[in-house]
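**Q**
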Amino acid sequence: MKDIATAGRTKQILADHGFSFKKSLGQNFLIDLNVIREVLDKADIHEKTGVIEVGPGIGSLTEQLAKRAGKVVAFEIDQRLVPVLEDTLSPYDNVTVINEDILRADVPEAIEAYFSECDEVVVVANLPYYITTPILMNFLEQNLPIERYYVMMQKEVGERISARPNSKSYGSLSIAIDYYTEARVVQHVPKTVFMPPPNVDSIIVEMVRRKTKKVDIDDENLFFRLTRGAFGQRRKTILNNYMSVFENGKEHKDTIRQLLEAAGIDPRRRGESISIEEYADIYRKIKNFPG
Ligand code: SAM
Numbered sequence: 021m022k023d024i025a026t027a028g029r030t031k032q033i034l035a036d037h038g039f040s041f042k043k044s045l046g047q048n049f050l051i052d053l054n055v056i057r058e059v060l061d062k063a064d065i066h067e068k069t070g071v072i073e074v075g076p077g078i079g080s081l082t083e084q085l086a087k088r089a090g091k092v093v094a095f096e097i098d099q100r101l102v103p104v105l106e107d108t109l110s111p112y113d114n115v116t117v118i119n120e121d122i123l124r125a126d127v128p129e130a131i132e133a134y135f136s137e138c139d140e141v142v143v144v145a146n147l148p149y150y151i152t153t154p155i156l157m158n159f160l161e162q163n164l165p166i167e168r169y170y171v172m173m174q175k176e177v178g179e180r181i182s183a184r185p186n187s188k189s190y191g192s193l194s195i196a197i198d199y200y201t202e203a204r205v206v207q208h209v210p211k212t213v214f215m216p217p218p219n220v221d222s223i224i225v226e227m228v229r230r231k232t233k234k235v236d237i238d239d240e241n242l243f244f245r246l247t248r249g250a251f252g253q254r255r256k257t258i259l260n261n262y263m264s265v266f267e268n269g270k271e272h273k274d275t276i277r278q279l280l281e282a283a284g285i286d287p288r289r290r291g292e293s294i295s296i297e298e299y300a301d302i303y304r305k306i307k308n309f310p311g
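Each number in my numbering corresponds to the 1-based position in the sequence shown with 20 added.
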């Protein structure tokens with residue numbers, strides 16, 4: 021039988037199961053084996069790798085993962101896809117499909133239950149684009165024992181994730197991802213490899229979890245409040261943006277200016293010019309500031 025990730029087999033599967041796409045769930049299925057194989061090569065998937073997939077769809081990527089990995093656990097929210105996946109993935113005994121919303125799933129429990137025989141756990145996914153950021157942040161904030169991520173996403177989100185200071189895409193998301201991982205764009209993906217083709221261009225991003233976080237922070241909530249706050253309005257200076265980060269910020273303008281200066285930051289700089297190490301310096305000066 022032909023592989024699932026081909027236009028012909030995909031059309032056949034959709035017809036056999038009377039399946040219609042739900043746009044609201046970001047359903048764009050891969051119909052190009054070359055793209056999938058390139059990703060799996062880069063991800064270095066082998067028989068001792070345990071893979072978590074988010075949103076298997078009809079199993080296009082899952083099938084190729086199952087051929088290479090020791091174990092694949094795939095979380096799919098759409099109940100209508102469960103019987104489809106039972107059918108399409110029936111030749112593979114190393115796949116478990118869990119019919120759950122990935123944002124509500126107990127991923128640590130799944131790792132413990134399914135990957136005890138594996139040497140490493142990797143996430144590979146063609147993500148539902150409408151919730152790419154919450155899915156990634158949810159994985160990263162839980163500090164899960166996941167070594168690497170290979171994720172397909174909307175181009176603009178991928179550029180924000182991997183952006184460096186002084187670029188138009190750099191923002192609090194770039195900093196949060198850089199805190200937990202080393203991220204880079206590995207491949208651009210044309211619209212034609214999906215059925216139906218999405219309205220946006222796509223990109224594959226590699227994220228390798230850092231063994232130690234990029235900067236030493238004990239109150240991550242405050243640190244991320246400061247990084248997000250610096251981009252409240254991109255055109256404003258960091259000092260002016262920080263007026264709305266703190267309660268009664270305007271009254272404390274002079275103190276905040278002094279704290280920024282003490283951290284070696286010119287208060288007239290904009291958030292987009294400040295590196296993660298500099299945000300850590302700001303955090304260390306500001307963390308004892310009441311408000
Ligand atoms: N992996 C398949 C492929 O590449 O052909 C499908 C990818 S499609 C872009 C995204 C998939 O994520 C869909 O199957 C959709 O139903 C599923 N999905 C959407 N939201 C989800 C969620 N919150 N949790 C788990 N799966 C979700």
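Every residue, glycine too, gets a C-beta built ideally from N, C-alpha and C. All values derive from a computational prediction rather than experimental measurement.
Taking 6 Å as the limit between beta carbons, can you name the residues of its chain near L280, skipping five residues before and five after?
**A** P287, listed in sequence order.
**Q** For M21, count the other beta carbons within 10 Å of its own beta carbon; 16 or more makes it buried, fewer makes it exposed. Which is it?
**A** It is exposed - the Cβ of M21 has fewer than 16 other Cβ atoms within 10 Å.
**Q** In chain order, what residues of the same chain have a beta carbon less than 6 Å from the beta carbon of R57, not counting five sequence neighbours either side?
**A** So the list is empty, once near-sequence residues are dropped.
**Q** Near G77, which residues of its chain fall below 6 Å by C-beta distance, leaving aside the five closest residues on each side in sequence?
**A** Only F49 meet the Cβ criterion.
**Q** Use the C-beta contact count for V93: other C-beta atoms within 10 angstroms, 16 or more gives buried, fewer gives exposed.
**A** V93 should be labelled buried.
**Q** How about V225: is its Cβ closer than 8 Å to a heavy atom in the ligand SAM?
**A** Result no, Cβ not under 8 Å from the ligand SAM.
**Q** Using a Cβ-Cβ cutoff of less than 7 Å, which residues in the same chain neighbour I296 once the five nearest sequence positions on both sides are dropped?
**A** I195, D198, Y199, K234 and V235, listed in sequence order.
**Q** Going by beta carbon distance, what residues of the same chain come within less than 7 Å of I237, once the five residues before and after it are set aside?
**A** Correct list, in chain order: F243, A300 and Y303.
**Q** R290 and I258 look like a contact to me (Cβ under 8 Å); what is the Cβ gap, rounded to whole Å?
**A** Right, their Cβ atoms sit about 7 Å apart.
**Q** Is it buried or exposed, T212, if we count other Cβ atoms within 10 angstroms and call 16 or more buried?
**A** With fewer than 16 Cβ atoms within 10 Å of its Cβ, T212 is classed as exposed.
**Q** Quick test of the definition: if touching needs 3 or more C-beta pairs under 8 Å, does the segment 66-86 touch the segment 22-34?
**A** Judged by Cβ distances under 8 Å, the segment 66-86 makes contact with the segment 22-34, as three or more pairs qualify.
**Q** So which of N241, A145 and Y150 has the shortest CA-CA distance to G79?
**A** Residue A145 is the option with its Cα nearest to G79.
**Q** Take every Cβ of the segment 217-227, pair it with every Cβ of the segment 167-179, and state whether three or more of those distances are shorter than 8 Å.
**A** The segment 217-227 is in contact with the segment 167-179.
**Q** Taking DSSP as the reference, what is the three-state secondary structure of I285?
**A** Three-state DSSP puts I285 in coil, outside helix and strand.
**Q** Could you confirm whether any beta carbon from chain D is found closer than 9 Å to the beta carbon of V235?
**A** Chain labels in this structure do not include chain D; a single protein chain is all it has.
**Q** With respect to 8 Å, is the separation between the Cβ of S40 and the closest non-hydrogen atom of the ligand SAM below this value?
**A** Outside the cutoff, so no.
**Q** Is L147 near the ligand SAM, in the sense that its beta carbon is under 8 Å from a heavy atom of that ligand?
**A** At least one heavy atom of the ligand SAM is nearer than 8 Å to the Cβ of L147, so yes.
**Q** Looking at the unbroken beta strand (DSSP E) that takes in R204, where does it start and where does it end?
**A** Residues T201 to V209.
**Q** Apart from the five residues on each side of it in sequence, which residues of its chain come closer than 6 Å, Cβ to Cβ, to V102?
**A** So the qualifying residues of the chain are N119.
**Q** Would the segment 105-113 count as touching the segment 57-68 if we require 3 or more Cβ pairs under 8 Å?
**A** These segments do not touch.
**Q** Measuring only the C-alpha atoms, how far is Q253 from P185?
**A** C-alpha separation (whole angstroms): 16 Å.
**Q** Out of I72, K43 and Y149, which one is the CA nearest neighbour of V143?
**A** The candidate whose alpha carbon is nearest that of V143 is I72.
**Q** From D52, V55 and A89, pick the residue whose C-alpha is nearest to that of K68; which is it?
**A** Closest option to K68, Cα to Cα, is A89.
**Q** Using 10 angstroms around the beta-carbon of D64, count the other beta-carbons present and answer buried if the total reaches 16, otherwise exposed.
**A** Exposed, since its Cβ has fewer than 16 Cβ neighbours within 10 Å.
**Q** Quick one, which of A283, Y262 and A282 has its alpha-carbon nearest K273's?
**A** Selected option, being the one with the closest Cα: Y262.
**Q** So within the segment 134-207, which uninterrupted alpha helix (DSSP H) runs reach at least 4 residues, ignoring any that extend past its ends?
**A** With a minimum length of 4 residues, the continuous alpha helix (DSSP H) runs that stay inside the segment 134-207 are 152-161, 175-181 and 192-200.
**Q** If S189 and E179 are in contact, beta carbons under 8 Å, what's the gap, nearest whole angstrom?
**A** About 4 Å separates the two Cβ atoms, so the contact holds.
**Q** Mapping the DSSP letters down to three states, classify F243 as helix, strand or coil.
**A** F243: helix per DSSP, three-state reduction.
**Q** For D121, which option in E129, I155, D139 and K270 has the closest C-alpha, if you only look at C-alpha atoms?
**A** Residue I155 is the option with its Cα nearest to D121.
**Q** Going by C-alpha to C-alpha distance, which of S182, H66 and N158 sits closest to V141?
**A** Answer by Cα proximity: H66.
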